[in-house]
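Notes for the one structure printed next.
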DNA sequence: CCGCCTCTTTACAACGATGTAAATCCACGT
DNA sequence: ACGTGGATTTACATCGTTGTAAAGAGGCGG
C-alpha cells in the first residue's frame, strides 16, 4: 500500500510528527535524527498525501486555468506559459475548457472544483465583469485578456484598443484605402469582450485618418477560427468594391483569410494586405508570413500567476487591480511583402 | 467560511451522515427528509470538500495528462480531447509538461503528484518502456502514441510504421524518385520512439519499391518544430541532387519545410511534394494545403481515458493491453496540387 | 545544586467526508 | 399486543497530515 508518515516513523524509531518536521524542513531537529529519518524516507520512497495535506492546511497547491479551448494556438501557448509559471511556485495547474459557454464559465468561476483549487485564472469569452462579482466565499480569481468595465476583479490584459488601433494604422500607413475588419460580433455576450475593444481600436484608427466605417467591410463572424476567417474573406471578396487590406481580430481569422486569398489567386500584400493579432507560432511560418500584433504573452502568464499568488495570500484585504502588459506591432510579409529575398 | 456537511446538518436538523447520504444519493432516505436536506444544501450553497472526500475514499477524480509541450498543436488538440473525454466521466485533468526531458517524464510517471491523482496518461518522448515498468505502488498509467517494445504497460497508439509506410508509398505512387525523410533522430532516447517507427515505415516503403535509402536524404533533426523542418529542408535543397518529395515525420516539420520551399521559390508539389503526419488544423489552411496522415485522434483520447478507467478499477488484476487506433491517408494540395480550382 | 532558557521530541486534536455497525422506527402478520 | 424484517437514521472511527501545547533533555548562571 501507500507509505505514510507512520510507516517512516516506525522505521526511523521516532514519532510521526518528527518525520513530518523533517519533511517540512522544520528547524529544530537534531542532525542525527534528521539523517535517520531521511534515510527511512528514501528507503520507503515516501510521498506525502496531498489530499490529507490539503485538508489539513486548507490549501492544495493546485490552481485552475480555464480557457475556451486548447485547440486554439493562442490559448494553448498561453496554457503552456501558465503551467510553466505556476511550476516555478511549486503549483500545479488544472486545465478546464469552457468552450466559451456562459454556463461553463460561471460554473468554473463559482468554484466548480469544490475546495480542490486554491485559485483560478479565467479567460472569459462570454461573461461580463458584473457577472463575476466576487463573494468572499469564492475562489481567488484573476481574469485574462479582457478589460472588465469596473468589475471588482483582478485582471491582466493587453490594451486591446490601442493594439487594434496600431494594427489598423499600420495598414493605413501603407496607403490602403479600403481597410476591412474581420472579427465583429454582435451577440450580447460579446458586447463587452475582446471583440468590442478591438473594434473600437479599429474604428478609432479609421476616424483618425478621416475615414468612415463602411458596414460592408466589417462582416460578423460566429467564431474566431480559421474557417470563420476564410468565410468572412470570401464574403468581402464578393463585394462590388472589395477591400485592399484586412485587419483580423486574431491570427486564426487571418490565416483563414490568407487561405481564401490564395484560393482566389490574389496576391498578398499586393492586392490585399492582411494583419492579425496574437502572434501565434503559425503566423511565423505561413505563406506569406503573417503580420500581427504581439501581446507580451510571457508577461501575461507570469503576471497572472503572480497576481493570483498575491490574491491568495491577501484574500480580500486589497482592492482589485489591473495589470496592463505591452504589445508590439510585428510587420511581416503579409503587409510588407517579400523583402531582401530573391 | 466554507460550508460543511455539519452546517447543513444543523439547518436541516439531521445528522451529518444523513446529509452525506443525500449528497451521495443513498437510497434509504425518507423523501421528506431528503427534501429538507436538499433545501438546506441549496440555501447554504454547499460544495463538497474534494480533499476530504479524496482522503477518505482514496480517489480524487483527478487524472494527470503529461505531454511534451502544449505549444505543439498536436498535443494541444490531444489535450483538448482528453479533457473532454475525462469530463464525460466526471474527471478533471491536470496537465503537466515534460518538455520531453527524461527526468520530468520519470518524475511524472513515478507519481510526482503524490496521491493527488488517480491515474496518468503519458505521452513519452524520451523514456523507453523498460524504464516505465510499473511497480504496484505507482499510479495507474496509460501511454500514448508509442509502441513500447514489450513493456508491461497499457498503451494506445496508431500503427506508426504502417502509417509512415503509407505516406511514403503515396509519394512513390506519384512517380517521385528521390523521396527524402525529415525526422530522423539518433539520440539513444529516441531510438525506440516515434522517430524510429516512422523511419522504419519509410525505409520499408522504399525497399518495397526497390529503392535504397540514401543517407543524404535523411537529415537528422534536433526537434520536431517548424524551425527544425525549415532547416532540414534547406539542407536538402543544398544537395547536388535534391529530393523531389519529402515525408516529414510530423506536420510541424512539414509546415517548416513548406516555408523554406516558398522562400526558395520552388513550387509544391510540382518541384517538391510534401507530406506530413498528425493532421493538425494548421495543415488544412496552409498554402498549399498539407497532405498528411491522420491518426484517429478522437479515438486516441477516448480510448486512453477508457483504458485508464479500466486500469484504475482493476489495478493489477489484468495484464497490460495495447489499443491500435486507425489512421487515414489525407492527400491534399502539397502532393496532389490544386484540383478543381481555376 | 537549583532554576530557567533553549533545543528537541512527543501526544493529541483537528481538517471534512464517508464506511461500518448499531440504534430506532414502522408496518405487517400472527 | 408482540415479534420480525426492512427502512431510516445515527454515533463513531478513520483516511494522512500538521498545528498546538506540553513534556523531556541539556546547558549555564547564580
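Chains as they are written, first to last, in the UniProt record's numbering: chain A, 1 to 342; chain B, 1 to 342.
Heads up, the beta-carbon is just placed ideally off N, CA and C, and yes, glycines get one too.
Bridge partners of residue 66 of chain B according to DSSP: B:96 and B:122. Nearest C-alpha to residue 89 of chain B among B:334, B:142 and B:305: B:305. The alpha-carbon separation between residue 122 of chain B and residue 324 of chain B amounts to approximately 16 Å.
Around the beta carbon of residue 198 of chain A, a 10 Å sphere encloses 16 or more other beta carbons of the protein chains shown; the residue is thus reported as buried.
When the alpha-carbon of residue 106 of chain A is set against those of A:124, A:15, A:276 and A:86, the nearest one is in A:124. Judged by their CB atoms, residue 311 of chain B and residue 142 of chain B are nearer to each other than the 8 Å cut-off. In terms of Cβ geometry, residue 333 of chain B and residue 288 of chain B form a close pair [threshold 8 Å].
Residue state for residue 252 of chain A is assigned as helix, using DSSP reduced to three classes.
Note that the segment 316-331 of chain B touches the segment 283-299 of chain B; at least 3 beta-carbon pairs, one per stretch, sit closer than 8 Å. Rounded to the nearest whole angstrom, the C-alpha separation of residue 103 of chain B and residue 219 of chain A is 50 Å. Listed along chain A, the residues sitting closer than 8 Å to residue 55 of chain B by beta-carbon distance are 49, 51, 52 and 55.
Residue contact check for residue 74 of chain B against chain A: no CB pair falls below 8 Å. Among the residues facing chain A, residue 69 of chain B is included, as its CB has a counterpart in that chain under 8 Å away. Chain B places no beta carbon closer than 8 Å to that of residue 337 of chain A, leaving this residue out of the contacts.
The Cβ atoms of residue 244 of chain A and residue 272 of chain A lie closer than 8 Å to each other. Per the Cβ contact rule, the segment 248-262 of chain A is in contact with the segment 64-80 of chain A (3 or more Cβ pairs under 8 Å). Annotation for residue 228 of chain A: no beta strand (DSSP E) segment contains it, though the alpha helix (DSSP H) segment containing it runs 226-237. Of all alpha-carbon atoms in B:175, B:28 and B:203, the one lying nearest the alpha-carbon of residue 183 of chain B is that of B:203. The distance from the Cβ of residue 40 of chain A to that of residue 63 of chain A is about 32 Å, inconsistent with a contact at the 8 Å cut-off.
For residue 2 of chain A, at least one C-beta of chain B is nearer than 8 Å to its own C-beta.
For residue 141 of chain A, the three-state secondary structure derived from DSSP is strand.
Residue-level contact check: residue 256 of chain B touches chain A, since one or more beta carbons of chain A fall below 8 Å from its beta carbon.
Judged by DSSP secondary structure, residue 155 of chain A falls within the beta strand (DSSP E) whose first and last residues are 154-158. At a cut-off of 8 Å between beta carbons, residue 80 of chain B contacts chain A. In this structure residue 31 of chain B is exposed. Its beta-carbon is surrounded by fewer than 16 other beta-carbon atoms within 10 angstroms. Note that the C-beta distance between residue 274 of chain A and residue 257 of chain A is below 8 Å.
The segment 79-87 of chain B makes no contact with the segment 21-28 of chain A, as fewer than three CB pairs between them are under 8 Å. For residue 323 of chain B, the enclosing beta strand (DSSP E) has its first and last residue at 322-325.
The beta carbon of residue 281 of chain A falls within 8 Å of a beta carbon belonging to chain B, placing the residue at that interface. When DSSP states are grouped into helix, strand and coil, residue 203 of chain B belongs to the helix group. Around residue 287 of chain A, the beta-carbon contacts reaching into chain B at under 8 Å are 258, 259, 262, 286 and 287. The beta-carbon of residue 77 of chain B is placed less than 8 Å from the nearest beta-carbon of chain A. Neighbours of residue 308 of chain A across chain B, judged by C-beta separation under 9 Å, do not exist; the nearest C-beta is about 17 Å away. Scanning chain B for C-beta atoms nearer than 7 Å to the C-beta of residue 41 of chain A yields nothing, as the closest lies near 13 Å away. Counting along the chain, the unbroken alpha helix (DSSP H) around residue 33 of chain A starts and ends at 31-44. Ranked by how close their Cα comes to the Cα of residue 321 of chain B, the residues B:48, B:155 and B:205 have B:155 in first place.
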